[in-house]
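> By the count of our numbering, the sequence shown reaches residue 627 at its end, each step adding exactly one.
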Amino acid sequence: MYDMNVVLFYGATFGIVAMTILYTFIRYVYSKEWIYLIYSIMQIFSLLFIVAYSQLFFQNLFIEDVSITFASLFAFAFAIGFYQGEFIPKIENQKELFIYTVILIALLLTAFYHYMLFEYLPYTVIYFVLFVSVAFNFKQEIKPTLIYVLGWSLFCLFLYFTDFKQSYVQEGFLDIVLVAFAIEAVLFTLSIAYTYRALHFENQQYQARLVHQTRLAQSGQMIGNITHQWRQPLNNISYILINLKKAFSQNRLTQAYWEKKVQQVQDQLNFMSTTIDDFNAFYTPNKEKESFFVHTVIQQALRIVDSEFKQKGIETQISVQNTSIKIVGASNELAQVLVILLSNAKDALMDVEHPKVVIRLKSSPSEVFIEVEDNGSGIKQFDKIFQPYFSTKEEGLGIGLSMVKTIVEESFQGKVNASNSAQGALFCLKFEKAI
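1. From the DSSP output, in three-state form, read off residue 316 for me.
2. Where does the unbroken beta strand (DSSP E) through residue 552 begin, and where does it stop?
3. Fully enclosed by the stretch 250-326, which alpha helix (DSSP H) runs are 4 residues long or longer?
4. When you compare only the Cα positions, how much space is there between residue 339 and residue 422?
5. Considering only DSSP beta bridges, list what residue 622 is partnered with.
6. How is the beta strand (DSSP E) around residue 510 delimited, first residue to last?
7. Please report the residue range of the alpha helix (DSSP H) in which residue 227 lies.
8. Cutting at 6 Å between CB atoms, please list the residues of its own chain near residue 483, excluding the five before and the five after it.
9. Classify residue 444: buried if its beta carbon has 16 or more other beta carbons within 10 angstroms, exposed otherwise.
10. Would you decide whether residue 616 is buried or exposed? Buried here means 16 or more other CB atoms lie within 10 Å of its CB.
11. According to the Cβ coordinates, are residue 564 and residue 577 closer than 9 Å?
12. When you compare each of 436, 595 and 541 to residue 505 by their alpha carbons, which one comes out closest?
13. Out of curiosity, what's the CA-to-CA distance linking residue 587 and residue 503?
14. What's the C-alpha gap between residue 571 and residue 458?
15. I need the DSSP call for residue 452, collapsed to helix, strand or coil.
16. Contact between the stretch 233-253 and the stretch 289-300 is defined here as three or more beta-carbon pairs at a separation below 8 Å; is this criterion met?
17. Given a cut-off of 9 Å on the beta-carbon distance, is the pair residue 526 and residue 604 in contact?
18. What are the boundary residues of the alpha helix (DSSP H) that residue 501 is part of?
19. Do residue 549 and residue 501 have their C-beta atoms within less than 9 Å of each other?
20. Verify whether the separation of the beta carbon atoms of residue 608 and residue 621 is less than 9 Å.
21. Round the Cβ separation of residue 230 and residue 266 to the nearest angstrom and send it over; I've been treating them as touching at under 8 Å.
22. According to DSSP, is residue 571 helix, strand or coil?
23. Could you check if residue 566 is buried or exposed, using at least 16 other CB atoms within 10 Å of its CB as the buried criterion?
24. Identify the residues that DSSP records as bridge partners of residue 519: which are they?
25. Can you give me the C-alpha to C-alpha distance between residue 348 and residue 310, rounded to a whole angstrom?
26. Using 8 Å for Cβ pairs, my map puts residue 242 next to residue 373. What's the rounded Cβ distance?
27. Please name the residue in 233, 513, 491 and 545 whose C-alpha comes closest to that of residue 534.
28. Buried or exposed, going by whether 16 or more other CB atoms sit within 10 Å of the CB of residue 623?
29. Where DSSP assigns a beta bridge to residue 617, which residues make up the other side?
30. Pick helix, strand or coil for residue 566, following the three-state DSSP scheme.
31. Just confirm the distance between the C-beta atoms of residue 201 and residue 234, as a whole number of angstroms; I'd bet it's less than 8 Å.
32. Using a Cβ cut-off of 9 Å (strictly closer), state whether residue 218 contacts chain E.
33. Helix, strand or coil for residue 533, going by three-state DSSP, please let me know.
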């Protein structure tokens with residue numbers, strides 16, 4: 193019979209290592225980064241080693257040797273993959289050569305003490321390689337690696353100054369290598385958590401840059417749209433003024449005629465003001481989520497591209513199931529999505545004899561669907577159209593449809609789907625319906 197404390201101690205160690213294996217494997221499945229798979233395999237061999245080492249189930253020195261050998265190999269592979277910075281520092285003079293030589297000797301001594309303390313080579317290998325990464329690249333920002341190395345170093349210093357290992361052995365506790373497994377799991381989890389947070393922040397910055405690039409790419413086009421939108425009302429106002437001047441010079445300017453012409457000018461100015469409001473709403477950053485009518489945003493997007501569509505002779509058709517359909521989010525972001533899809537449709541209809549774009553708005557009890565369909569040549573590369581910087585146009589930046597996917601999925605938690613219909617290309621946006 194085994195001592196219950198021994199069984200509990202080993203059981204806790206088995207559980208910690210098993211959870212680490214599961215955690216890193218799940219991260220590999222979602223991220224497809226091979227270093228997580230390598231670490232997971234390394235920990236599998238570590239678990240096999242500690243099971244054989246415990247002698248709770250069997251006693252086999254060959255399994256211990258094989259396990260620690262493969263665990264060390266995979267530990268080295270992981271450490272190289274997780275390594276940050278240059279492997280060999282740039283040495284410009286003898287002084288730097290001396291400094292780096294001293295640092296390397298100190299690292300070797302530290303790693304040797306780490307091994308003598310815990311007597312488990314795989315973790316010492318990771319500690320040494322990552323310590324080299326920190327020491328040789330101290331001017332760079334390598335916080336995930338620094339967290340791991342600093343944690344182990346502080347723990348080793350604590351054990352050194354307190355002479356913890358000798359006291360640990362004298363008290364008759366189990367091998368201190370079991371403590372190493374727990375410390376490794378904690379430090380690795382902290383490092384990965386920081387890495388994930390840093391990647392998340394970097395992704396947010398990337399998305400912000402992508403939004404900015406999209407708006408810059410569209411700004412010239414939008415200015416052209418404003419020019420076209422305003423040309424006709426300005427011409428109309430000019431003709432109204434000519435008519436007023438003529439009526440005045442011929443003494444035919446009556447009160448009724450004056451009021452009629454003033455109202456016509458006011459109508460033209462209202463149209464120009466609405467145009468500016470639409471463009472202002474489109475370009476003003478607004479992340480505040482609110483419930484809004486989808487039909488209103490569709491009309492706004494159509495007004496923004498109206499002049500270009502008229503110039504190209506593109507017919508637009510709207511099918512709305514219910515004008516009271518609402519979703520929750522930033523309305524200007526949905527307008528941006530629709531403008532991108534409408535602009536792409538316009539480009540796809542360049543050589544079509546009777547170009548046409550159809551927008552459909554419909555809903556179910558819980559979801560809202562917006563469809564944008566054109567009668568162009570359709571989509572040829574479904575697997576790449578939503579990738580950043582992929583474009584089928586020679587002058588295209590390839591950020592439009594990528595931006596559509598990002599906004600729909602991240603800002604609205606919705607879905608976007610592209611397909612070819614009997615008419616041409618069909619984009620379907622799906623959102624959660626507002627209550």
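Ideal Cβ placement from N, Cα and C applies to all residues, glycine included.
Everything numeric in this text was worked out from a predicted model, so none of it was measured.
According to the structure shown:
1. helix
2. 548-555
3. 253-274 and 286-310
4. 59 Å
5. 561 and 607
6. Taken as a continuous stretch (DSSP letters only), the beta strand (DSSP E) holding residue 510 covers 507-512.
7. 226-246
8. 518, 520 and 626
9. exposed
10. Buried, by the Cβ-count rule.
11. Their beta carbons are not under 9 Å apart, which means residue 564 does not touch residue 577 by this criterion.
12. 541
13. Legend: pLDDT at residue 587 = 48, less than 50; position of this residue unreliable, value from coordinates given subsequently. Each residue's Cα considered, the two are about 21 Å apart.
14. 45 Å
15. helix
16. no
17. yes
18. Counting along the chain, residue 501 sits inside the alpha helix (DSSP H) bounded by residues 486-504.
19. yes
20. Contact flag set, yes.
21. 5 Å
22. coil
23. buried
24. 484 and 625
25. 10 Å
26. 7 Å
27. 491
28. buried
29. 612
30. strand
31. Between residue 234 and residue 201 the Cβ distance is about 22 Å, and since that is not below 8 Å, they are no contact.
32. Absence of chain E from the displayed structure is noted, only one protein chain being present.
33. Three-state result, residue 533: helix.
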